[in-house]
Each structure stands twice: as C-alpha cells, then as structure tokens.
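First up is the structure itself, then whatever we jot down about it.
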Amino acid sequence: QQQVRQSPQSLTVWEGETAILNCSYEDSTFDYFPWYWQFPRESPALLIAIRPVSNKKEDGRFTIFFNKREKKLSLHITDSQPGDSATYFCAASGGSGTYQRFGTGTKLQVVP
Amino acid sequence: DPKIIQKPKYLVAVTGSEKILICEQYLGHNAMYWYRQSAKKPLEFMFSYSYQKLMDNQTASSRFQPQSSKKNHLDLQITALKPDDSATYFCASSRTGGDNERLFFGHGTKLSVL
Numbered sequence: 168q169q170q171v172r173q174s175p176q177s178l179t180v181w182e183g184e185t186a187i188l189n190c191s192y193e194d195s196t197f198d199y200f201p202w203y204w205q206f207p208r209e210s211p212a213l214l215i216a217i218r219p220v221s222n223k224k225e226d227g228r229f230t231i232f233f234n235k236r237e238k239k240l241s242l243h244i245t246d247s248q249p250g251d252s253a254t255y256f257c258a259a260s261g262g263s264g265t266y267q268r269f270g271t272g273t274k275l276q277v278v279p
Numbered sequence: 004d005p006k007i008i009q010k011p012k013y014l015v016a017v018t019g020s021e022k023i024l025i026c027e028q029y030l031g032h033n034a035m036y037w038y039r040q041s042a043k044k045p046l047e048f049m050f051s052y053s054y055q056k057l058m059d060n061q062t063a064s065s066r067f068q069p070q071s072s073k074k075n076h077l078d079l080q081i082t083a084l085k086p087d088d089s090a091t092y093f094c095a096s097s098r099t100g101g102d103n104e105r106l107f108f109g110h111g112t113k114l115s116v117l
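Residue numbers (this note's numbering), protein chains in the order written: chain S, 168 to 279; chain Z, 4 to 117.
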C-alpha cells in the first residue's frame with residue numbers, strides 16, 4: 168500500500184512559470200514532510216521540509232503548502248529555471264516507524 | 004569530499020551469487036539506512052539502524068541482511084541474487100534516527116544481476 172502519493176508523474180513548464188507538485192498521504196500520525204530532489208545520476212538531497220505545526224514553509228523560490236485536514240501538501244516552484252529540472256520526491260515520517268516513506272516522484276522539466 | 008562512501012559504485016553479479024555492499028559515513032551520525040531505487044519502486048525503504056541496533060525492517064526477504072560492525076558502518080549482504088534485485092542501493096544517514104531528521108544519501112551502488 169502506497170502511503171505517500173505524488174502527482175503528476177511528470178511535469179513540463181516554461182522557464183519563469185510556476186511549477187506545482189502535489190503530494191498526499193494516508194497516515195494522520197505523520198509529522199515530518201521533507202521534499203528531496205534528485206538530478207540524473209545523482210543521489211537524492213533534501214530541498215525543503217515542513218512539520219504540521221505550520222501550513223506553509225518558504226525557502227527562496229520553493230514553498231510548501233500544507234493542508235492537514237485533507238492530508239495533502241504541494242510544492243510550488245516560482246520563476247522556474249532550467250536548473251530546477253529534476254525528480255522531486257515527497258516523503259513522510261512519524262507514527263509507526265521512524266523511517267521516511269517516499270512517494271513515487273514527479274519528474275520536472277523546465278524548458279528555456 | 005563525500006561524507007558517505009559506498010563501495011562499489013557499480014556491481015555486476017550472476018543469479019544465485021552473493022554480494023556485500025559497503026557503506027561508511029563520516030558525518031558523525033548515529034543512524035544509518037538502506038534504501039533501494041528501481042524503475043518499479045522508486046526509493047523503497049529497506050532497513051534502519053540507530054546506535055548499531057536495528058530499528059525498522061521493511062524487507063520481506065531474509066536474503067537481505069544488514070551488518071553493522073562499527074557505528075559508522077552499515078553494510079548490506081545479499082544472498083541468492085535474482086535479476087529482480089537489480090537496482091541502485093542507497094545508503095543514508097541521519098543524526099540520531101528521530102522521525103524528523105534530514106537524510107543524507109551516499110552516491111549509491113548500482114547492482115545489475117544477470
């Protein structure tokens with residue numbers, strides 16, 4: 168059973184546009200939601216993370232919006248750049264087991 | 004300098020053989036993990052260790068055995084290899100293993116089973 172779901176599977180935006188990546192989860196006891204990005208032939212690296220005490224977390228052009236009631240969150244990338252082209256993974260941890268469960272990822276392509 | 008070293012970077016094995024994937028971290032972390040990434044199941048959690056003790060195991064098969072000889076080492080032994088085991092295996096670490104800690108990943112070992 169997939170505990171963390173992501174959509175869309177792939178996304179193409181023009182340079183300068185806002186990319187919106189979606190994530191939802193099953194377990195209401197999850198209390199930490201990191202987003203990782205992974206460039207081709209590299210390992211995942213933390214991009215930004217949020218805890219349920221907040222409904223928004225911002226870091227430069229990257230913003231997480233969090234809706235605890237609906238168990239959904241989204242990553243907004245404003246003024247998208249070609250260098251943002253990567254696969255983005257939403258993850259969640261907490262509840263039973265401290266390990267982070269990952270979604271299936273969204274492959275983002277930013278076209279110049 | 005890489006802080007999490009995985010050896011080897013690439014590995015080719017024949018079906019039925021046994022291999023050991025090596026992981027050493029130099030971040031001073033107390034928790035280490037193994038994740039597997041393939042086209043079928045991206046970033047699938049396998050094991051977690053904290054202070055050299057097994058915390059979580061989500062691997063159904065006993066063919067996969069983690070081995071922690073030192074606090075900063077977590078190797079992965081895989082026996083009776085199958086073609087389905089072909090994947091990139093990532094070692095990761097975090098400060099203590101708490102549920103709200105950032106993971107740091109190694110560069111991975113890409114395993115191909117023929």
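Cβ atoms here follow ideal geometry from the backbone N, Cα and C, with glycine treated the same way.
Only a predicted model underlies this, so the values are computations on that prediction, with no experimental measurement involved.
Under 9 Å by beta carbon: chain C residues contacting residue i
i, result
"N75 of chain Z", "No chain C appears in the structure shown, which is made up of the protein chains S and Z."
Beta bridge counterpart(s) of residue i as assigned by DSSP
i, result
"G261 of chain S", "S:F197"
"Q70 of chain Z", "Z:D78"
"S241 of chain S", "S:N189, S:F232"
"S89 of chain Z", "According to DSSP, S89 of chain Z bridges with nothing at all."
"F206 of chain S", "Paired residue(s): none; F206 of chain S is not in a bridge."
"A63 of chain Z", "Paired residues: none, contrary to the question."
"R172 of chain S", "S:S191"
"R268 of chain S", "S:A259"
"D102 of chain Z", "For D102 of chain Z, which the question treats as bridged, DSSP gives no partner whatsoever."
"E47 of chain Z", "Z:R39"
"Y54 of chain Z", "In the DSSP output, where bridge partners are listed per residue, Y54 of chain Z has none listed."
"Y163 of chain Z", "Limits of chain Z in this structure are 4 at one end and 117 at the other, which puts residue 163 of chain Z out of reach."
"A253 of chain S", "S:L275"
"T179 of chain S", "S:Q276"
Residue j beta carbon less than 9 Å from that of residue i
i, j, result
"K235 of chain S", "P219 of chain S", "yes"
"S96 of chain Z", "M58 of chain Z", "no"
"F50 of chain Z", "L79 of chain Z", "yes"
"Q9 of chain Z", "G111 of chain Z", "yes"
"I231 of chain S", "A253 of chain S", "no"
"T185 of chain S", "D246 of chain S", "yes"
"I25 of chain Z", "P11 of chain Z", "yes"
"Q61 of chain Z", "S71 of chain Z", "no"
"N75 of chain Z", "S53 of chain Z", "no"
"F93 of chain Z", "Y13 of chain Z", "no"
"S89 of chain Z", "S20 of chain Z", "no"
Supposed close pair residue i, residue j - CB separation, criterion 8 Å
i, j, result
"I23 of chain Z", "F108 of chain Z", "Rounded, the Cβ-Cβ distance is 19 Å, inconsistent with contact."
"L106 of chain Z", "L213 of chain S", "7 Å"
"Y192 of chain S", "F48 of chain Z", "Not confirmed; about 15 Å, so no contact."
"Q205 of chain S", "T273 of chain S", "That pair is no contact at about 11 Å."
"C190 of chain S", "G262 of chain S", "Not really, about 16 Å apart at Cβ, beyond 8 Å."
"A182 of chain S", "Q248 of chain S", "The displayed chain sequence assigns Glu, not Ala, to residue 182 of chain S. 6 Å between Cβ atoms; contact."
"V17 of chain Z", "S115 of chain Z", "Rounded, the Cβ-Cβ distance is 10 Å, inconsistent with contact."
"R268 of chain S", "V171 of chain S", "5 Å"
"L240 of chain S", "F229 of chain S", "Incorrect: roughly 13 Å between the Cβ atoms, too far for contact."
Inter-stretch contact at 8 Å, needing at least 3 Cβ pairs: the stretch 83-96 of chain Z / the stretch 193-204 of chain S: no
What are the residues in the stretch 101-112 of chain Z lying within 7 Å of chain S by C-beta distance? So the list reads G101, D102, N103, R105, L106, F108, G109, H110, G111, given in the order they occur along the chain.
Using a Cβ-Cβ cut-off of less than 7 Å, give me the residues of the stretch 232-265 of chain S that come near chain Z, in sequence order. F256, S260, G261, G264, T265
Using a Cβ-Cβ cutoff of 7 Å, what residues of the stretch 45-67 of chain Z are near chain S? List them in chain order. P45, L46, F48, S51, M58, D59
Residues of the stretch 179-201 of chain S in Cβ contact with chain Z at a cutoff of 7 Å, in chain order, please. Those residues of the stretch 179-201 of chain S that come within reach of chain Z (Cβ to Cβ, closer than 7 Å) are D198, Y199, P201.
Residues, ordered as in the chain, of the stretch 209-225 of chain S that lie near chain Z by beta-carbon distance below 9 Å: E209, S210, P211, A212, L213, A216, R218
Anything in the stretch 22-33 of chain Z with a Cβ closer than 8 Å to a Cβ of chain S? List those residues in chain order, please. Within the stretch 22-33 of chain Z, no residue qualifies.
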